[in-house]
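Numbering (full-length UniProt numbering), first residue to last: 1 to 409. The beta-carbon is built from N, C-alpha and C at its ideal position, and this holds for glycine as well.
Listed below in structure tokens is the structure:
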């Protein structure tokens, strides 16, 4: 690798006595030739540690400012703004035999998804692995480095502008330290997971993070992510659906955050007030004048279109939540039982039974799907919870559901 590609000399790593930590000088890769040499080195590796730095405050898509890699005893900082063709790196990341080591990979995978057209995998997420091993739920990179190596990391550059050039020396030091510990973490945590019989659990949880559906946006269904949809009738839901889809396409085509096109509060207010003229639209609570000027006619046209839709083309209504107090009591009881099981296993309760998972289970129960809730506890979670506890919970809450329904008759 041509060290002439480094813009500010060498960047010192951690003390060399730390076993397994890559302490070589970081190499800044800013040319196609240097990237080609790096990819040649990576082709012979079984695993590569990775991180990304990006900016997304005023865009729909993340703008990559740096891709950090650690492998083959070296730390490499790839400048995606300086290398015109990143296809050799994309080819390497597509290799299913190469394990990609991240810490808290979700945002990194999304940024790389837009670069590569796929989510790189397989992934070993050290944050996930540590959560299975008594380091708490989703420990930060700095806290895990301190716990494993006794090193306090400097996080001063967390909110840096990573697309401004040239990058400062402190930015490059920060970027390098964010990956140089990953191979050692991978080794230490992987061995501990194997010894505790939890490696397959961690692999399953990591694999769930790689699913490309997490990064693909179905514009027509985006409105379903909004809260309290039961407050809208079917025709209003059609307008909400169509306006939300329009906003999604507009945000993507203009590369702007959704809220810059039309924020959620204003979107809901438009559907609630159903304005018929531009003056009425301008009077909607929270409506920005620039939105009316640029998109007002489109918004009004979509409302007129929703008004004319035949009944069979309207989306289904969302029923008002039933048995609110009973549902909460049942959910709390199930959560408590699962939390006790997590304590027995030495797992963070949030890992074994996230509150959303429990809430989804209870909603299924109260919608009359007595067996459906337990479909949410599968794979390693089903194995960890155990059939007897699942059966006990199912029977208990089926009786509660019947009791609550009988009391309403």
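- Less than 9 Å divides the Cβ of residue 70 from the Cβ of residue 180.
- Taking 3 residues as the minimum length, the beta strand (DSSP E) runs contained wholly in the region 18 to 84 are 26 to 29, 47 to 55, 63 to 71, 74 to 78, in order along the chain.
- With 16 or more other CB atoms across the displayed protein chains lying within 10 angstroms of its CB, residue 121 is buried.
- If you draw a straight line from the Cα of residue 142 to the Cα of residue 188, it comes to about 16 Å.
- Taking a C-beta distance under 9 Å as the contact criterion, residue 109 and residue 35 do not qualify as a contact pair.
- Contact check for residue 271 against residue 281 fails: the beta carbons are separated by 9 Å or more.
- Around the C-beta of residue 126, 16 or more other C-beta atoms lie within 10 Å, and the residue is accordingly described as buried.
- Within the model, the alpha-carbon separation for residue 146 versus residue 24 is close to 20 Å.
- Under the three-pair Cβ rule at 8 Å, the region 59 to 74 counts as touching the region 255 to 268.
- Excluding residues up to 5 positions away in sequence, 70, 101, 179, 182, 183 lie with their Cβ nearer than 6 Å to the Cβ of residue 49 in the same chain.
- The beta carbon of residue 345 lies closer than 8 Å to those of 352, 384 in the same chain, with the five residues before and after it left out.
- At the C-beta level, residue 124 and residue 206 come within 9 Å of one another.
- Residue range 379 to 385 is occupied by the alpha helix (DSSP H) that includes residue 385.
- Boundaries of the beta strand (DSSP E) around residue 101: 99 to 102.
- Relative to residue 158, the option among 148, 52, 361, 21 whose CA is nearest is 52.
- For residue 125, the enclosing beta strand (DSSP E) begins and ends at 123 to 125.
- Within its own chain, the residues whose Cβ lies closer than 8 Å to the Cβ of residue 242, once the five positions on either side in sequence are excluded, are 302, 305, 306, listed in chain order.
- Note that the C-beta distance between residue 82 and residue 214 is not below 9 Å.
- Across the structure, residue 217 and residue 360 are spaced so that their CA atoms are roughly 22 Å apart.
- When secondary structure is reduced to three states using DSSP, residue 152 falls in the coil class, being assigned neither helix nor strand.
- Short of 8 Å from the beta carbon of residue 277, and not among the five residues preceding or following it, lie these beta carbons of its own chain, in chain order: 300.
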